[in-house]
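Residues 1 to 362 in full-length UniProt numbering are what the sequence shown lists, from first letter to last.
We put the CB at the ideal spot given by N, CA and C, even for glycine.
Small disclaimer: the values here were computed from a predicted structure and weren't measured.
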Amino acid sequence: MTQPQNNTAIIGAGIAGLACARALAAASRPVTLFDKARGPGGRMSSRRLPEATLDLGAQFLSVRDATFADALEGWQASGCLAEWPTSLWSAAEDGWHRHRDDLLRLCGTPRMSALTRHLAEGLELHAGTHIERLEGDARSWWLVDTEGRRHGPFTQVVVATPTPQARTLVAPHDAALAEACAAVIQRPCWAAWVLFDAPLPGLPEVDHDWQAVRLADPALRFVVRNHLKPGRHDQGESLTLLANLEWSEARLEDGPETIAEALLDAFQRGLPGDVTLPEPSAMGAHRWRYAQPDVFATGEAVNLDYRISGNGLALCGDSWRGPRIEDAWLSGHHLGEVLASEPNRSPLSTPDASRRKGHLAP
Ligand SMILES: Cc1cc2nc3c(=O)[nH]c(=O)nc-3n(C[C@H](O)[C@H](O)[C@H](O)COP(=O)(O)OP(=O)(O)OC[C@H]3O[C@@H](n4cnc5c(N)ncnc54)[C@H](O)[C@@H]3O)c2cc1C
């Protein structure tokens, strides 16, 4: 079989893998995505219950970088993003205060995963495909999934997953990449959801339709009203409660019911005045084992955005830049642009990795 030149496999169809794929596809480079989940999205995915759609990972994206802002204009025009939250609050001992700053914040509509679904359009994606290991060398790579199926050959493989998962895949082939992965800690986070039959009671001196609040509780850091997100007005009162990372770490093996109850109690404690929450009709929790990158390898990773080795392996994702959607997108986008700018090489040639920005010195 003739191997296509510079065909790339990307493991992970979160925002980083998708950004990398789109940059390669824009340069007419063949690219195939693989994700173990049923669809694209990763930590931007949403849970759909009969009663409500809940964002349990990222709640909104914020915009700081000009390249990211340019990309957003097109996504907004396609209708998959809308400005939100417009009523953001911070809880303090003397009550809740409106949070004001100049940041543009947007969320997916009708759910957070609308953006990643939009970015996946037209790309070849093998969903429900858990890649267990890589086989190959600098000339060609094969991906082996948990069903024993082999996918390939590819001239390069991008691993766009949290670092612990990336490390498992690259460790047998590249000690330096594996070491870089080991240096980035991805911290866990519990995300609870709570449904109510009745709307929440009004809060003193707070907008009736407040959308999200930051809390200073040891357990709970952020509460979001899903039904007040754009495109979701047909669902009832439905909260997402995000736990603090330290608290989540200490309760990683607790059951979801216990977690949901503890976070709901924390929310009740954080309400201003004597307001009492109504009885929930349903609740649960999702554990993100790898929620947010914390420690960056030797302090230099923040500026590198991604990692490339000389043997056709590369890494991108929020681990290499920072803990936000914007960081993950920029990491994947920059990596995709660098890979796309390389001349087509025959499968038998050796890539000149030293020219690449994210090259990892041996
Ligand atoms: C609870 C929570 C709240 C957050 N809130 C915000 C927020 O409000 N704003 C913000 O900007 N950011 C937020 N973030 C962070 C943001 O979600 C992430 O930074 C971003 O989504 C990371 O994207 P990624 O593509 O790097 O990784 P991911 O989204 O994790 O994508 C990795 C993908 O790889 C797949 N995968 C892993 N291993 C394999 C394998 N072996 N084979 C195949 N597929 C595999 C996974 O299924 C996943 O789809 C939040 C994160 C969490 C967890």
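Check	Outcome
When every heavy atom of ligand 1 is checked, does at least one fall within less than 7 Å of the C-beta of Ala328?	yes
Using only the heavy atoms of ligand 1, determine whether one of them is closer than 7 Å to the beta carbon of Ile10.	no
Which residue marks the beginning of the beta strand (DSSP E) containing Arg269, and which one marks its end?	Note, Arg269: premise wrong, no beta strand (DSSP E); alpha helix (DSSP H) at Pro256 to Gly270.
Do you know whose CA, among Gly14, Arg251, Gln211 and Ser45, lies nearest Ser238's CA?	Gln211
If you draw a straight line from the alpha carbon of Ser248 to that of Glu342, how long is it in whole angstroms?	43 Å
Between the Cα of Pro323 and those of Leu49, Ala25 and Phe60, spot the shortest distance and give me the residue it belongs to.	Phe60
Please determine whether the Cβ atom of Ala127 lies at a distance below 7 Å from any heavy atom of ligand 1.	no
Under 7 Å: does the beta carbon of Ser238 sit that close to some heavy atom of ligand 1?	no
Closer than 7 Å to a non-hydrogen atom of ligand 1 - does that hold for the CB of Gly122?	no
Whole angstroms is fine: what's the gap from Arg269's alpha carbon to Ala176's?	47 Å
Which word fits Val275, buried or exposed, when buried means at least 16 other C-beta atoms lie within 10 angstroms of its C-beta?	exposed
To the nearest angstrom, report how far apart Thr67 and Gln76 are at their CA atoms.	15 Å
Just verifying my parser: in three-state terms, what is the DSSP assignment at Pro164?	helix
Quick one: residues in its chain with C-beta nearer than 6 Å to the C-beta of Glu83, no 5 flanking neighbours on either side, listed in chain order?	Leu106
Using the rule of at least 16 other Cβ atoms within 10 Å of the residue's Cβ for burial, across every protein chain shown, is residue 372 buried or exposed?	The structure shown does not extend to residue 372, since the chain spans only 1 to 362, so no value can be given for it.
Spell out a yes or no on whether the region 108-126 and the region 30-49 are touching, meaning 3 or more CB-CB pairs, one atom from each, closer than 8 Å.	yes
For Ala285, which three-state DSSP category applies?	strand
Following the continuous beta strand (DSSP E) through Cys107, name the residue where it begins and the one where it ends.	Leu104 to Gly108
Less than 8 Å separating the beta-carbons of Ile11 and Cys20?	no
Determine the extent of the alpha helix (DSSP H) in which Asp327 is found, giving its start and end residues.	Ile325 to Ser341
Pick helix, strand or coil for Val170, following the three-state DSSP scheme.	helix
Trp75 lies in the alpha helix (DSSP H); which residues open and close that run?	Ala66 to Ala77
Could you tell me the distance, in whole angstroms, from the CA atom of Leu304 to the CA atom of Pro230?	35 Å
Spatial neighbours of Ala16 within its chain, please: C-beta separation below 7 Å, excluding the five flanking residues on both sides.	Ala160, Cys316, Gly317, Asp318, Ala328, Trp329, Ser331 and Gly332
For Leu103, which residues of its own chain have a beta-carbon under 8 Å away from its beta-carbon, when the five flanking residues on both sides are left out?	Ser62, Val63 and Arg64
With which residues is Asp145 paired in a DSSP beta bridge?	Ile131
On the three-state DSSP scale, how would you describe His118?	helix
Run through DSSP, which three-state label would Gly136 get?	strand
Going by the DSSP bridge assignment, what does His151 pair with across the sheet?	Leu143
Spatial neighbours of Gln156 within its chain, please: C-beta separation below 6 Å, excluding the five flanking residues on both sides.	Thr8 and Gly312
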